[in-house]
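**Q** Next up is a structure, given as structure tokens.
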Amino acid sequence: MPSPLTPRQILERLVAFPTVSRDSNLALVDWVEEFLDERGIAAHRVWNADRTKAALYAHVGPEVEGAVVLSGHSDVVPVEGQDWSSDPWTLTERDGRLYGRGTCDMKGFDALALAALALAQERGVKRPLQLALSFDEEVGCLGAPAMIEEMARCLPKGRAVIVGEPSRMRVVTGHKGGGGLLCHVQGHEVHSSIMHRGVNAIMSAARLIDWANRRNAEGAAGPPSEVAALFDPPWTTVHVGTIRGGTAGNITARDCRFDVGFRAVPGETVEDWAAAFEAEARSVEAEMKAIHPEAAISIGRLFGYPPLRPEEGGEAEALARRLTGDNGSMVVSYGTEAGQFQAAGYSAVVCGPGDIAQAHQPDEYLEVAQFEDGWSFMRRLVEECAG
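In the working numbering, the protein residues as written are 120 to 506.
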């Protein structure tokens, strides 16, 4: 028998792997696979295209449908440029908090899920538990869809998915969908004294950015739908976070690149918003080409994930409320893989330890009390599945 590991010890191991999204997560996946194999649990990998990363899924219990799926991601955001008081890759306890990159988002839940699978295997369960551990969540929920598709095809179908993003163990029943575009505006350089003969890529890009401003103003001013009213803010937001371009103050800019992101309330789609943005871009482009035919606007898709819609009588919600005792109403504006599970036919909610305000921060931490609450949740879940 393998030596037992506490949830805290599992978390310590997971934090030690610097699984920043730009890098491989295979060292962590190797360790998780070995942890499960030592306990008689078979794990299966779903590789990315160049086999530098992998998602992992596993099943414990009888080969029957109706499993509870515990869903987490392995990747974390970078630490460069952040002022940490301790090594971000070493789990450190201070003042009732567990510090380290990913403790809150979301290796704390991952550790609890692994401990729960080990306990379920030891205890024996009548209702199966499944683990879903993805990659590249932090860069747009890119790694989960192929994993979800393979799980649905190769495992007995799970019925309730708990996505353990930090919610302070409250039950989140809805979140916005998200998507991102990369826009490249190509102008025509001339001296700024004769700017009417050139096409300034930055000033043309500014028209598209102002389109985003106008859409946000319209959303803020208009009456929200019943579902949208649950969110803060209660409308689909359009955001530009980075922009770069131009060569000198007296030259019309030849190039400008910027990103545009959408967070869509349930009932609206990122695809429709992206199409509306592209229609505006084509209108601006036509005016640019009238000045110089080589001027152009190109748009590339960065990522996209669906919203999580509140379910009427959803099984995942009922289960999570039964285990937590939380009967409040909570939706969030950040995105998770829960919407992807729901789109694939699973009932899904978000419920995990920690506070989203700590995610991505220097000195990221998970309160010890939250970690303990999460472990109590997992023990109750295993007992219910065994009963």
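Don't be surprised by glycine CBs; every beta carbon is placed ideally from N, CA and C.
(1) According to DSSP, which residues form a beta bridge with A383?
(2) Determine the direct distance from the alpha carbon of V196 to that of E381, and round the result to whole angstroms.
(3) For the candidate residues V389, V134, Y424, whose alpha-carbon lies nearest to that of W150?
(4) Within a Cβ cutoff of 7 Å, which residues of the same chain sit near Y453, ignoring the five residues on either side of it in sequence?
(5) Between the segment 260–268 and the segment 314–333, are three or more C-beta pairs nearer than 8 Å?
(6) If you draw a straight line from the alpha carbon of G219 to that of V318, how long is it in whole angstroms?
(7) What is the residue span of the alpha helix (DSSP H) that Q240 lies within?
(8) Is DSSP giving D202 helix, strand or coil here?
(9) Please state whether DSSP places R333 in a helix, a strand or coil.
(10) Helix, strand or coil for V148 per DSSP?
(11) Among A393, T371, A367, N369, whose alpha-carbon lies nearest the alpha-carbon of V379?
(12) If you run the structure through DSSP and keep just helix, strand and coil, what is D417?
(13) Would you tell me roughly how many angstroms separate the C-alpha atoms of V280 and L349, rounded to the nearest one?
(14) Quick one: grab the DSSP three-state call for S402.
(15) Restricting to Cα atoms, I'd like to know which of K172, H307, R132 is closest to D142.
(16) If you count every other CB in all the chains shown that lies within 10 Å of the CB of N332, and 16 or more means buried, which is it?
(17) Specify, as a first and last residue, the run of the beta strand (DSSP E) that W166 falls within.
(18) In three-state terms, what does DSSP make of T211?
(19) Looking at the secondary structure, which residues open and close the beta strand (DSSP E) in which I74 lies?
(20) Could you tell me which of H178, A439, V357 sits nearest to V290, measuring between CA atoms?
(21) Compute the beta-carbon to beta-carbon distance between D169 and E256, rounded to the nearest angstrom, for a pair I have assumed lies under 8 Å.
(22) Taking 7 Å as the limit between beta carbons, can you name the residues of its chain near E568, skipping five residues before and five after?
(23) Should N369 be labelled buried (16 or more other beta-carbon atoms within 10 Å of its own) or exposed?
(24) Are R287 and L217 closer than 9 Å when you measure CB to CB?
(25) Since V282 and T455 are thought to touch, with beta carbons under 8 Å apart, how far apart are those beta carbons, to the nearest angstrom?
**A** Concretely, from the data shown:
(1) Residue pairing by DSSP puts A383 in a beta bridge opposite G296.
(2) With the sequence shown as reference, residue 381 is identified as Phe, and Glu is not the correct amino acid for it. Rounded to the nearest angstrom, the gap between the Cα atoms of F381 and V196 is 20 Å.
(3) Nearest C-alpha to W150: V134.
(4) If we look at Y453 and ignore the five residues flanking it on each side, its Cβ neighbours are H294, I475.
(5) The segment 260–268 vs the segment 314–333: no contact.
(6) G219 and V318 have their C-alpha atoms spaced approximately 48 Å apart.
(7) Its alpha helix (DSSP H) spans residues 227–242.
(8) In this structure, D202 counts as coil in the three-state DSSP scheme.
(9) Note: R333 maps to helix in three-state DSSP.
(10) Helix, per DSSP.
(11) For V379, the nearest C-alpha among the options comes from A393.
(12) According to the sequence shown, residue 417 is Ser rather than Asp. In the structure shown, S417 sits in a strand (DSSP, three-state: E or B).
(13) Between the alpha carbons of V280 and L349 lies a gap of roughly 22 Å.
(14) Of the three classes helix, strand and coil, the one that applies to S402 here is helix, per DSSP.
(15) When each option's Cα is compared against that of D142, the closest is K172.
(16) Flag for N332 reads exposed.
(17) Annotation: the continuous beta strand (DSSP E) that includes W166 extends over 162–166.
(18) Strand, per DSSP.
(19) Outside the displayed span of the chain (120 to 506) sits residue 74, for which this structure offers no information.
(20) Cα-wise, what sits closest to V290 is A439.
(21) Here D169 is actually not in contact with E256; their C-beta atoms are around 18 Å apart, not less than 8 Å.
(22) Outside the shown range of the chain (120 to 506) lies residue 568, about which nothing can therefore be said.
(23) A residue is called buried once 16 or more other Cβ atoms fall within 10 Å of its Cβ, and N369, having fewer, is exposed.
(24) No, they are not a contact pair.
(25) About 5 Å; that satisfies the 8 Å criterion.
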